[in-house]
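Enquirer:
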Amino acid sequence: MRPLVSHTLVGAVVAAVVAGITVGIMYSQCDKEPQPTPTPPSQPTPPPPPPPTMAPTSSTPPPPLIDPMRPAYHYTPKIGWVNDPNGLVYYKGEYHLFYQYDFESIKHGNMSWGHAVSTDMVHWTELPLAISYTDEEQIFSGSAVVDSTCSSGLCASRDTPVLIATYTSYKQHVETEGKWKDRHIQSQHIASSTDLGRTWTKYKNNPVLDRNEAEFRDPRVQRLEDGSWLLLVQMSELHQLQFYKSTDLIHWGEPISTFGPTGIVEGVWECPDMFPLAVDGDPKNIKWVLIININPGNRIIGSAGQIFIGDFDGTSFKNDGDYDWLDWGMDNYATITWDNAPNGERYSIGWMSNWAYTELTPTTSSTKFRNTFTTPRKLQLKTIGGKVRLTQMPVNYLDAIRLGPVLQADKVTVKDAVHGDNIRGRAVDIEVVFTNVDATEFGVKVHAGEGQETLVGFEVATKRAFVDRTKSGKVDFHEKFADSRHWAPFELQDAKTLKLRVLVDHGSVEAFFGEGEIAITDVVFPDPSKDSIQFYAKGGSVVIDSYSVWQMDKTNNLS
1 MRPLVSHTLV
11 GAVVAAVVAG
21 ITVGIMYSQC
31 DKEPQPTPTP
41 PSQPTPPPPP
51 PPTMAPTSST
61 PPPPLIDPMR
71 PAYHYTPKIG
81 WVNDPNGLVY
91 YKGEYHLFYQ
101 YDFESIKHGN
111 MSWGHAVSTD
121 MVHWTELPLA
131 ISYTDEEQIF
141 SGSAVVDSTC
151 SSGLCASRDT
161 PVLIATYTSY
171 KQHVETEGKW
181 KDRHIQSQHI
191 ASSTDLGRTW
201 TKYKNNPVLD
211 RNEAEFRDPR
221 VQRLEDGSWL
231 LLVQMSELHQ
241 LQFYKSTDLI
251 HWGEPISTFG
261 PTGIVEGVWE
271 CPDMFPLAVD
281 GDPKNIKWVL
291 IININPGNRI
301 IGSAGQIFIG
311 DFDGTSFKND
321 GDYDWLDWGM
331 DNYATITWDN
341 APNGERYSIG
351 WMSNWAYTEL
361 TPTTSSTKFR
371 NTFTTPRKLQ
381 LKTIGGKVRL
391 TQMPVNYLDA
401 IRLGPVLQAD
411 KVTVKDAVHG
421 DNIRGRAVDI
431 EVVFTNVDAT
441 EFGVKVHAGE
451 GQETLVGFEV
461 ATKRAFVDRT
471 KSGKVDFHEK
481 FADSRHWAPF
491 ELQDAKTLKL
501 RVLVDHGSVE
511 AFFGEGEIAI
521 TDVVFPDPSK
531 DSIQFYAKGG
541 SVVIDSYSVW
551 QMDKTNNLS
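Just so you know, full-length UniProt numbering puts 427 at position 427 of the sequence shown, and the rest follows in order with no gaps.
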């Protein structure tokens with residue numbers, strides 16, 4: 001979450017009047033009782049859904065689009081702006097996705113926590129606003145946990161669990177009548193929910209952690225094996241992560257340790273996460289993964305995420321080696337993971353955009369939203385090439401929205417040419433294995449046609465996996481958006497084999513190379529009519545050992 005500019009009460013009232021609604025004002029001063037969270041404005045009823053989706057072929061055009069900019073199977077709210085995912089927690093059969101949300105604009109503005117729930121991380125139900133901004137504060141990023149033992153004392157009864165959200169409150173105050181001036185103070189607050197996260201009550205004695213700092217944000221809370229609570233908070237401009245402990249989620253005291261500066265120390269550090277994973281599935285070999293998001297600091301432009309793998313002894317984290325990139329594309333930021341997921345699994349989701357150009361991305365007259373999130377991904381630690389690597393692959397739940405193969409084939413040789421003239425689709429899942437590589441470059445083209453294409457491939461001489469969006473439709477809204485390929489160093493299996501999975505949606509490409517040790521995530525803005533998919537080879541030949549292309553079902557009726 002980046003710092004906000006000043007806002008005026010007049011602006012908020014005008015926005016409310018234009019929308020034909022009344023915005024309730026909620027205060028959370030220490031001397032006042034907690035108030036119910038105000039609800040967001042009423043949202044327009046979406047048009048009726050299109051007829052059932054058919055797998056397009058050369059003779060079957062894609063179904064008509066309601067909003068060509070909106071993704072088919074990535075979550076978006078009906079209206080408004082989104083950025084960082086927040087408060088990821090699993091509770092009583094539901095995955096909760098909170099997120100930074102401005103329901104009054106499609107640009108970054110008044111920040112609240114939006115809210116959606118899902119039983120499978122694929123089909124999402126948008127819920128009313130969870131925690132709203134007020135005249136006094138913006139609700140910045142944070143986390144949520146299940147307080148199953150009522151350690152906080154905020155549950156309905158001592159034997160009833162309660163959800164606790166910990167978030168950064170960004171305070172403002174009135175300088176003169178009708179004009180607001182930023183205090184530039186960020187402190188950590190909590191809110192509680194006893195009804196499955198549907199309504200939230202701010203703690204009457206907030207803040208729970210205040211160091212009178214201007215850049216002190218993005219709390220990540222988790223429970224340790226000894227029953228205590230661990231809190232990670234960024235000292236953003238100092239490139240330092242602070243660790244705190246508590247027994248009740250309220251009293252945190254002084255830091256027990258710090259981490260950083262190290263790794264990438266440009267811009268600011270934001271949105272931390274840390275979690276244990278078993279290396280190669282061995283429960284006796286546990287390593288901890290630390291995610292620190294940075295803005296700016298991406299090796300090309302804008303925001304990105306870096307990871308460290310190491311050990312946590314209950315007090316401090318020590319990394320084994322240097323940092324690595326979480327994602328080698330431009331559009332996976334503020335990535336965090338779900339707390340309390342079933343069977344100890346670790347699932348992540350990120351904001352699929354980049355602070356360098358997010359407010360400049362193309363829209364249409366029908367666009368009522370801006371930005372989306374990556375597909376949820378399963379994270380694992382695997383030994384690859386003698387090194388412990390973090391791998392990420394789409395969650396298996398996505399398989400349920402495959403409508404059936406558009407085309408499947410195996411043992412196809414491609415030499416200085418393309419294969420797949422009859423494959424079409426703007427929302428597809430591609431799995432392909434290339435073997436017998438004797439080409440200088442090979443891969444797959446998506447969103448292709450009449451001078452437009454997005455390439456996902458491999459350069460043999462440089463040993464680089466890449467996504468190339470230089471010809472991906474609208475690219476001129478920012479000088480750095482498409483000035484180069486986005487590549488990652490990668491070794492072919494047995495020097496001759498590449499396993500590749502590509503998730504394509506109306507405005508995005510997510511590529512997973514090998515076991516998922518390399519992920520490249522990019523947003524794209526192609527002409528909706530450019531929907532060809534082709535496999536290609538340059539400078540020689542490659543054998544496609546097998547490939548499958550599935551059309552993906554829509555998970556909303558807005559695209």
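Glycine residues also receive a C-beta, built at the ideal position from the N, C-alpha and C atoms.
Would you list, in sequence order, the uninterrupted alpha helix (DSSP H) runs of no fewer than 4 residues that lie entirely inside the UniProt domain "Glycosyl hydrolase family 32 C-terminal" (412-551)?
Expert: Segments of the alpha helix (DSSP H) lying fully in the UniProt domain "Glycosyl hydrolase family 32 C-terminal" (412-551): there are none.
Enquirer: Please list the terminal residues of the continuous beta strand (DSSP E) segment that includes E136.
Expert: Careful: E136 lies outside any beta strand (DSSP E) and carries neither H nor E.
Enquirer: For S348, write down the residues that DSSP places opposite it in a beta bridge.
Expert: DSSP lists T337 and R377 as partners of S348.
Enquirer: Would DSSP call N212 helix, strand or coil?
Expert: In this structure, N212 counts as strand in the three-state DSSP scheme.
Enquirer: Ordered along the chain, which non-local residues of its own chain (more than five positions away) have a Cβ less than 6 Å from that of S548?
Expert: Here the set comprises P405, Q408 and E431.
Enquirer: Pull up the distance between the alpha-carbon of V145 and that of L163, whole angstroms please.
Expert: So the alpha carbons of these two residues sit roughly 6 Å apart.
Enquirer: Just curious, the beta strand (DSSP E) that E94 is in, first and last residue?
Expert: First-last of the beta strand (DSSP E) with E94: E94 to D102.
Enquirer: Can you have a look at I520 and say buried or exposed, based on whether 16 or more other CB atoms are within 10 angstroms of its CB?
Expert: So I520 ends up on the buried side.
Enquirer: What is the rounded straight-line gap between the Cα of V289 and the Cα of W325?
Expert: V289 and W325: Cα-Cα distance of roughly 12 Å.
Enquirer: For the putative contact between W351 and V89, defined by C-beta atoms under 8 Å, what is the C-beta separation to the nearest angstrom?
Expert: Incorrect: roughly 18 Å between the Cβ atoms, too far for contact.
Enquirer: Taking 8 Å as the cut-off, does the segment 367-376 touch the segment 290-300 (at least 3 CB pairs, one atom from each stretch)?
Expert: Touching, no.
Enquirer: I need the DSSP call for P44, collapsed to helix, strand or coil.
Expert: Per-residue confidence for P44 stands at a pLDDT of 34, beneath the threshold of 50, marking its modelled position as unreliable; the derived number appears in the next sentence. Residue state, collapsed to three classes: coil.
Enquirer: So, is R469 buried or exposed, given that buried needs 16 or more other C-beta atoms within 10 angstroms?
Expert: Counting Cβ neighbours within 10 Å, R469 comes out buried, since at least 16 surround it.
Enquirer: Under three-state DSSP, which class holds S257?
Expert: Note: S257 maps to strand in three-state DSSP.
Enquirer: Looking at E270 and D218, is the spacing between their C-beta atoms short of 8 Å?
Expert: Yes; because the gap between Cβ atoms is below 8 Å, this pair is in contact.
Enquirer: Starting from the C-beta of P261, find all residues in its chain whose C-beta is less than 8 Å away, skip the five residues before and the five after it, and write them out in chain order.
Expert: Contacts found: L238, H239 and Q240.
Enquirer: Below 8 Å on the Cβ atoms is my guess for residue 561 versus I309; work out the distance and round it to an integer in Å.
Expert: Limits of the chain in this structure are 1 at one end and 559 at the other, which puts residue 561 out of reach.
Enquirer: With three or more C-beta pairs closer than 8 Å as the rule, is the segment 459-468 touching the segment 513-527?
Expert: Yes: at least three Cβ pairs fall under 8 Å.
Enquirer: Looking at R346: is its Cβ nearer than 8 Å to the Cβ of L277?
Expert: Their beta carbons are under 8 Å apart, which means R346 touches L277 by this criterion.
Enquirer: Alpha carbon to alpha carbon, how far is G24 from P207?
Expert: The pLDDT assigned to G24 is 30, lower than 50, so where the model puts this residue is not dependable; a value taken from the coordinates is nonetheless given after this. Going from the Cα of G24 to the Cα of P207 covers about 22 Å.
Enquirer: Just the Cα atoms here: how many angstroms apart are A417 and E515?
Expert: In a straight line, the C-alpha of A417 is about 27 Å away from that of E515.
Enquirer: Is the CB-CB distance between M69 and H478 below 8 Å?
Expert: Going by C-beta atoms, M69 is not nearer than 8 Å to H478.
Enquirer: Tell me which same chain residues have a C-beta within less than 6 Å of the C-beta of V233, skipping the five on either side of it?
Expert: Closer than 6 Å at Cβ, skipping near neighbours: P219 and Q242.
Enquirer: Classify N205 as buried or exposed, calling it buried when 16 or more other Cβ atoms lie within 10 Å of its own Cβ.
Expert: It counts as exposed.
Enquirer: Determine whether the beta carbon atoms of H419 and Q551 lie at a separation below 8 Å.
Expert: Cβ distance not < 8 Å, so H419 and Q551 don't count as in contact.
Enquirer: With DSSP as the reference, please indicate the residues paired to E288 in a beta bridge.
Expert: First, the amino acid is wrong: residue 288 is Trp here, not Glu. Looking at the DSSP assignment, W288 forms a beta bridge with P276 and G310.
Enquirer: Between L224 and the rest of its own chain, which residues show a CB-CB distance below 6 Å, the 5 nearest in sequence each way excluded?
Expert: Result list for L224: L230, in chain order.
Enquirer: Using only the alpha-carbon positions, how far apart do G457 and D327 sit?
Expert: Going by the C-alpha atoms only, they are around 16 Å apart.
Enquirer: In this structure, does DSSP put D399 in helix, strand or coil?
Expert: Helix.
Enquirer: Mind reading off the beta-carbon distance from T166 to S143? Whole number of angstroms is fine, and I expect it under 8 Å.
Expert: Right, their Cβ atoms sit about 6 Å apart.
Enquirer: Work out the CA separation of A334 and S105 for me, nearest whole Å.
Expert: Approximately 21 Å between the Cα atoms of the pair.
Enquirer: Anyone know if the C-beta pair for A72 and I131 falls short of 8 Å?
Expert: Going by C-beta atoms, A72 is not nearer than 8 Å to I131.
Enquirer: As an exercise, report each continuous beta strand (DSSP E) stretch of at least 3 residues that is fully enclosed by the segment 183-247, in chain order.
Expert: Runs of the beta strand (DSSP E) inside the segment 183-247: 209-213, 216-223, 229-235 and 240-246.
Enquirer: Where does the unbroken beta strand (DSSP E) through W113 begin, and where does it stop?
Expert: Unbroken beta strand (DSSP E) run through W113: S112 to S118.
Enquirer: Run the CB neighbour count on D421, radius 10 Å, all protein chains shown included, and call it buried at 16 or more, exposed below.
Expert: Classification of D421: exposed, given that the 10 Å Cβ count is below 16.
Enquirer: Checking the sheet assignment: what are the DSSP bridge partners for D410?
Expert: Answer is S546.
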